[in-house]
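The structure appears right after this line, and notes come after that.
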Ligand code: NAP
């Protein structure tokens, strides 16, 4: 199977950046780029990973067998481009293409992968992708469901992005892999025990907490972390009972990254549209009763520095019944920003974002629509209210150079207040420490040297312990970004195995199973989780939705284990 780029391609090249085999052309640096009507995927090189689909801002990429009516010709169009301009591949020449050469005295190599989200699954894939029956992988996941942010983070109205879980299913289905879902490292099994049972431990646990603003009133009821709100609407069992006050007229989102746009869009999308997604039932019900008509998104810097990607910004234009409001005054750029926009150094998507914002600023709005108001140069300074959020105080900023070439926000002294009963703080995720593993408190990651965990003081590698994904590099990038990140880590793990640095005697798979049966009888295997997956899909089919999620851990365990 191959993916195909179709008519609505906007040449944004986000797909080029995430393609792990570099088979999308033309790239920005290619001569043909300036005149290309669209981008094309080489069918002979596509590995069917779906990363480009996730990155595409305009849903222009489809698996060839799911092309919408009238677009069949694009399979041929994509192929013909490469008939004319054969692909010059730039594969990573250093990634090994042979199975790991496990020394005979430790075979099988036993690897624990902690987490079952994109970072962890790409690590599993890198460990197994070259075959060889000499590796056993045990995947430990705290949640009763796998796929991390691909299930619990991606917004429900991005159903196409969620199809990336299909490739994770294939990875988890590899006979070398055993999944232990609903098993928490640090609670049911310790890091020291993982090391007794495995030659190597790879942490791909993501960034499970949120960054703080450190302003007055941050902890008032009604001021919540956007990450929790995301977990709630995506049916995370730990957040299924959370309650949000959606009874006001306005919500305010602090920060303007992609998560901020996700939560703003979910709040401002009509429930009837959300009902066509797999949003959690409890969230759909609450959003049906919501009276929120306006969501204000506060960016502390200017539009040129905004953290959202052009693809997510452009995507807002495709939501029915929703207006995007931008104050034209916010788009008057100073000389330095104008010079940057016109310079070679300016990333390709930035002018596209400014153009889109200017388009909205000059458009009239429909008073019956819900609205997202994008504000710039606005920092929260205090959250006010008696026992609950009532308003937020916002300082007006100007941009100043910080000496590193970055432009930072500085208060001008002017300020304003916005009335609201709900504030979603969306200022970034942060990794959490794992028991027994070094942690860098400042950066919120496990300290590492390109994936090898290191001692925080000496900088020496901690033998047999590795990291991948957000807990390795911090919370940035697309789902597909984790593929290269995991390959880089597994390359080092392979080098350590092949150099004889991981030759400890470890316990076998049966010993691990005995231990887990004792510590967590409610552990869910991948086959058991498939029962749940099928049940969710069947519930969805019965109600005309893609999936209806289970959100109660005990119910999920009972169902997965066929206990009535
Ligand atoms: P993010 O992109 O790092 O954005 C964080 C935002 O918080 C920025 O606007 C930042 O402003 C702001 N901020 C930080 N501290 C602040 C403070 N004290 N006061 C006010 N504002 C503050 O983080 P994210 O939105 O959580 O996303 C995390 C990663 O996931 C990103 O790589 C994102 O692209 C990715 N993601 C992708 C998708 C998608 O592709 N569909 C969806 C969701 C998330 P400054 O820029 O001024 O620092």
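In the working numbering, the protein residues as written are 159 to 722.
Backbone N, C-alpha and C define an ideal beta-carbon position, used for all residues, glycine too.
Because the structure is a prediction, the values reported are computed rather than measured.
Alpha-carbon to alpha-carbon, residue j and residue i
| i | j | result |
| --- | --- | --- |
| residue 239 | residue 200 | 8 Å |
| residue 458 | residue 534 | 6 Å |
| residue 264 | residue 320 | 38 Å |
| residue 249 | residue 476 | Any reading at residue 249 must be qualified, since the residue scores a pLDDT of 48, below 50, and its modelled position is unreliable; no value is offered. |
| residue 308 | residue 473 | 19 Å |
| residue 682 | residue 337 | 8 Å |
| residue 570 | residue 510 | 28 Å |
| residue 632 | residue 611 | 14 Å |
| residue 168 | residue 619 | 44 Å |
| residue 225 | residue 161 | 9 Å |
| residue 402 | residue 691 | 28 Å |
| residue 649 | residue 390 | 36 Å |
| residue 707 | residue 701 | 12 Å |
| residue 287 | residue 646 | 14 Å |
| residue 192 | residue 664 | 57 Å |
| residue 153 | residue 644 | Given that the chain is displayed from residue 159 to residue 722, the structure contains no residue 153 and the question cannot be resolved. |
| residue 237 | residue 221 | 14 Å |
| residue 704 | residue 660 | 45 Å |
| residue 561 | residue 209 | 36 Å |
Heavy atom of the ligand NAP within 8 Å of residue i beta-carbon
| i | result |
| --- | --- |
| residue 316 | yes |
| residue 633 | yes |
| residue 445 | no |
| residue 410 | no |
| residue 748 | Residue 748 lies beyond the range of the chain shown here (159 to 722); nothing can be said about it. |
| residue 514 | no |
| residue 456 | yes |
| residue 463 | yes |
| residue 213 | yes |
| residue 606 | no |
| residue 420 | yes |
| residue 376 | no |
| residue 636 | yes |
| residue 304 | no |
| residue 573 | no |
| residue 538 | yes |
| residue 469 | yes |
| residue 459 | yes |
| residue 366 | no |
7 Å CB neighbourhood of residue i in its chain, flanking five on each side removed
| i | result |
| --- | --- |
| residue 639 | 176 |
| residue 386 | 397, 400 |
| residue 342 | 300 |
Contact set for residue i: own chain, Cβ-Cβ below 6 Å, skip 5 residues either direction
| i | result |
| --- | --- |
| residue 728 | The structure shown does not extend to residue 728, since the chain spans only 159 to 722, so no value can be given for it. |
| residue 359 | 270, 352, 623 |
| residue 327 | none |
| residue 486 | 519 |
| residue 365 | 587, 588, 589, 628, 633 |
| residue 689 | 718 |
| residue 532 | 455, 484 |
Contact test: residue i Cβ vs the ligand COA heavy atom, cutoff 8 Å
| i | result |
| --- | --- |
| residue 555 | For the structure depicted, the ligand COA is absent and the ligand set comprises only the ligand NAP. |
8 Å Cβ shell around residue i - same chain, five flanking residues per side excluded
| i | result |
| --- | --- |
| residue 568 | 555, 556, 557, 558 |
| residue 368 | 383, 384, 385, 386, 583, 585, 586, 587, 588 |
| residue 658 | 261 |
Go through the segment 181-239 residue by residue and report every complete run of the beta strand (DSSP E) that reaches 3 residues or more, in order.
219-221
Which runs of the beta strand (DSSP E) at least 3 residues long sit entirely within the segment 577-607? Give them in chain order.
580-583
Curious, which full-length alpha helix (DSSP H) runs of at least 4 residues does the segment 445-475 contain?
468-473
What are the start and end residues of each continuous beta strand (DSSP E) run of 3 or more residues lying completely inside the segment 252-288, in chain order?
267-272
What are the complete beta strand (DSSP E) segments, minimum 3 residues, inside the segment 631-708?
none
Jot down the residue ranges of each uninterrupted beta strand (DSSP E) in the segment 345-407, minimum 3 residues, whole runs only, in chain order.
358-361, 381-383
At 4 residues or longer, what runs of the alpha helix (DSSP H) sit wholly inside the segment 473-550?
493-499, 507-519
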